[in-house]
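The structure appears below as structure tokens.
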Amino acid sequence: MISEQTLPPWETERRLVDRIENVTTNPAYGSYPEDRVLSRYIKFGVICVDKPKGPTSHQVTDMVRNITGVDHVGHGGTLEAGEIPQYQVCYRYC
Amino acid sequence: MGAGKEYVCLMRLHEKVEEDRLKEALSMFTGDIYQVPPVRSAISRKLRIRTVYRVDLIEVEGKDVLLKIACSGGTYIRKYCYDIGLFLGVGAHMQELRRIRVGPFSEKESFTLHEVYRAFKVLNEGGDEKDVRKVVKPVEYALSSLPKVYMLDSAVGSICNGADLAVTGIAKLSEGIRRGDLVTMLTLKGEIVALGKALMTSEDMMEKESGIAVDVERVIMEKGLYPSIWKGKKHKLGYY
Chain A
880 MISEQTLPPW ETERRLVDRI ENVTTNPAYG SYPEDRVLSR YIKFGVICVD KPKGPTSHQV
940 TDMVRNITGV DHVGHGGTLE AGEIPQYQVC YRYC
Chain B
1272 MGAGKEYVCL MRLHEKVEED RLKEALSMFT GDIYQVPPVR SAISRKLRIR TVYRVDLIEV
1332 EGKDVLLKIA CSGGTYIRKY CYDIGLFLGV GAHMQELRRI RVGPFSEKES FTLHEVYRAF
1392 KVLNEGGDEK DVRKVVKPVE YALSSLPKVY MLDSAVGSIC NGADLAVTGI AKLSEGIRRG
1452 DLVTMLTLKG EIVALGKALM TSEDMMEKES GIAVDVERVI MEKGLYPSIW KGKKHKLGYY
């Protein structure tokens, strides 16, 4: 039995190291993720949905598709069938 | 996939157990545990190892036990409860389960479908886009738990067109990348360009002068956002 306590990944921080120092990026190309034009922001977006007990993940994904009008919608989590209120992520891009 | 999860779980013991014994059992069931996927599961039923980072005993009432479990992806909580029951010798099963975290997303940052609907309704009726920007998060956020490799502006165009990432194109990177790790490739503005498999460790990427650092598996950014510098015309990138 290994009893060492490891921290969950969301609590561990990865440090960044510079390979090339003082690099800059040209503001003419691309944009910071938060500043994308709305249509692109939604297209390359993720929604964290608090899913109620009733509808299936598939149905919720479809509802999100209808609400947002984005063609490509997927979800990133399902529990075993017949479970109680769960929490899941719907994401969509492309 | 593979992201850490956090659950609140109601476990029902089949007989009453003293709290001390229960606590002892839970401490045994933290760290790396063996687990055989349950009979009804979508994957092959082979013994595998999963990590339980933390188990908190929230409440005990008779045979009902409320737990908060932080574990790695692919841990079956139903099986976890059943195994604890076996260990205690009384039997147990999972009564209710709610996931409260997937990777960087915790329950507090989740939105109900009504809130999502409202935000988009406001937008579609010509209102403010503020709520939509609050409900929707950039994809980069969902991938923020993966190790990162930041590339120079000059490398972005070629990656979008299918090239692999060479060390010379790397500006900065996360520490502790191992060979074969899934990494996110970002621009210096923090936009996701692609996902790929590391072919070198972080140290190698820092030290080596040439060679392919990351094998690109999935390109996410569309072409044309950054210039293709290998095409004849001289692009004035104005940096590096």
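Protein chains in written order, with our numbering: chain A, 880 to 973; chain B, 1272 to 1511. All residues carry an ideal CB built from backbone N, CA and C; glycine is no exception. Everything numeric in this text was worked out from a predicted model, so none of it was measured.
Enclosing alpha helix (DSSP H) for residue i [first to last residue]
i: A:I946; result: 936-947
i: B:A1413; result: 1410-1413
i: B:S1516; result: Absent from the structure is residue 1516 of chain B, since the part of chain B shown begins at 1272 and ends at 1511.
i: B:L1518; result: The structure shown has nothing for residue 1518 of chain B, since chain B only spans 1272 to 1511.
i: B:R1349; result: 1348-1359
i: B:E1386; result: 1384-1395
i: A:S918; result: 917-922
i: B:K1401; result: 1401-1406
i: B:K1276; result: That residue, B:K1276, is in no alpha helix (DSSP H); its beta strand (DSSP E) goes 1276-1284.
i: B:D1291; result: 1290-1299
Any C-beta of chain B under 8 Å from that of residue i
i: A:E959; result: Only weak support is given to the placement of A:E959: the predicted model assigns it a pLDDT of 46, under 50, and the question is left unresolved by the model.
i: A:D950; result: no
i: A:Q910; result: For the record, residue 910 of chain A in the displayed sequence is Ser; it is not Gln. Judged by the 8 Å Cβ criterion, A:S910 is in contact with chain B.
i: A:L929; result: The identity of residue 929 of chain A in the sequence shown is Asp, whereas the question assumes Leu. Yes, A:D929 counts as interfacial toward chain B.
i: A:T947; result: yes
i: A:G953; result: no
Under 7 Å from the C-beta of residue i: neighbouring residues of chain B
i: A:G933; result: Those do not exist, as A:G933 stays about 11 Å from chain B at its closest Cβ, beyond 7 Å.
Any non-hydrogen atom of the ligand MN closer than 7 Å to residue i Cβ
i: B:S1377; result: Only the bare structure without any ligand can be found here, which leaves the ligand MN out of the picture.
Extent of the continuous beta strand (DSSP E) run through residue i
i: B:Y1324; result: 1319-1332
i: B:K1256; result: Residue 1256 of chain B lies beyond the residue range present for chain B, which begins at 1272 and ends at 1511; the question has no answer from this structure.
i: B:M1477; result: Element bounds for B:M1477: not the beta strand (DSSP E) but the alpha helix (DSSP H), 1473-1478.
i: B:A1484; result: 1483-1490
i: B:K1443; result: 1441-1445
i: B:H1364; result: 1363-1373
i: A:I899; result: Looking at the DSSP string, A:I899 is not in any beta strand (DSSP E), and its letter there is neither H nor E.
Beta-carbon gap between residue i and residue j smaller than 8 Å
i: A:I921; j: A:T947; result: yes
i: B:I1483; j: B:D1435; result: yes
i: B:L1444; j: B:M1476; result: yes
i: B:D1424; j: B:L1457; result: no
i: B:K1350; j: B:C1431; result: no
i: B:M1282; j: B:I1355; result: yes
i: B:I1441; j: B:L1466; result: no
i: B:S1381; j: A:V928; result: yes
i: B:L1297; j: B:L1328; result: yes
i: B:S1481; j: B:V1438; result: yes
i: A:G909; j: B:V1407; result: no
i: A:P887; j: B:G1275; result: yes
Residues that residue i contacts on chain A, provided the C-beta gap is smaller than 8 Å
i: B:A1442; result: D897, R898, I899, V902
i: B:G1398; result: Those do not exist, as B:G1398 stays about 12 Å from chain A at its closest Cβ, beyond 8 Å.
i: B:Y1351; result: Residues of chain A passing the Cβ test: none, with the nearest at roughly 12 Å.
i: B:S1381; result: C927, V928, D929, Y966
i: B:A1434; result: Residues of chain A passing the Cβ test: none, with the nearest at roughly 17 Å.
i: B:E1332; result: Near B:E1332 there are no residues of chain A at all, since even the closest Cβ is about 17 Å away, more than 8 Å.
i: B:G1461; result: Y911, P912
i: B:A1341; result: P887
Proximal chain B residues relative to residue i, where beta-carbon distance stays under 8 Å
i: A:T885; result: G1302, T1322, Y1324
i: A:G924; result: V1407, K1408, P1409, V1410
i: A:R893; result: P1418, K1419, S1445, E1446, G1447
Outcome for residue i when other beta-carbon atoms lying within 10 angstroms are tallied against a minimum of 16
i: A:S918; result: exposed
i: A:W889; result: buried
i: B:E1396; result: exposed
i: B:L1368; result: buried
i: B:T1322; result: buried
i: B:T1346; result: buried
i: A:T904; result: buried
i: A:G933; result: exposed
i: B:T1301; result: buried
i: A:R894; result: exposed
i: B:S1473; result: buried
i: B:G1362; result: exposed
i: B:I1320; result: exposed
i: A:S882; result: Legend: pLDDT at A:S882 = 45, less than 50; position of this residue unreliable, value from coordinates given subsequently. So A:S882 ends up on the exposed side.
i: B:M1299; result: exposed
i: B:L1293; result: buried
Cβ of residue i within 8 Å of any chain A Cβ
i: B:A1363; result: no
i: B:P1308; result: no
i: B:D1424; result: yes
i: B:V1403; result: yes
i: B:G1467; result: no
i: B:K1494; result: no
i: B:T1458; result: yes
i: B:Y1497; result: yes
i: B:G1451; result: no
i: B:A1296; result: no
Contact list for residue i against chain B, beta-carbon separation under 9 Å
i: A:V943; result: L1384, V1387
i: A:V939; result: L1384
Interface partners of residue i on chain A, CB under 7 Å
i: B:G1275; result: P887, P888, W889
i: B:F1391; result: I946, T947
Neighbour list for residue i in chain A, Cβ cutoff strictly below 9 Å
i: B:E1488; result: Under the 9 Å cutoff, chain A gives no residues; its nearest Cβ is about 15 Å from B:E1488.
Listed by chain order, chain D residues near residue i by CB distance under 8 Å
i: B:M1476; result: In the displayed structure, chain D is absent; the protein chains listed are A and B.
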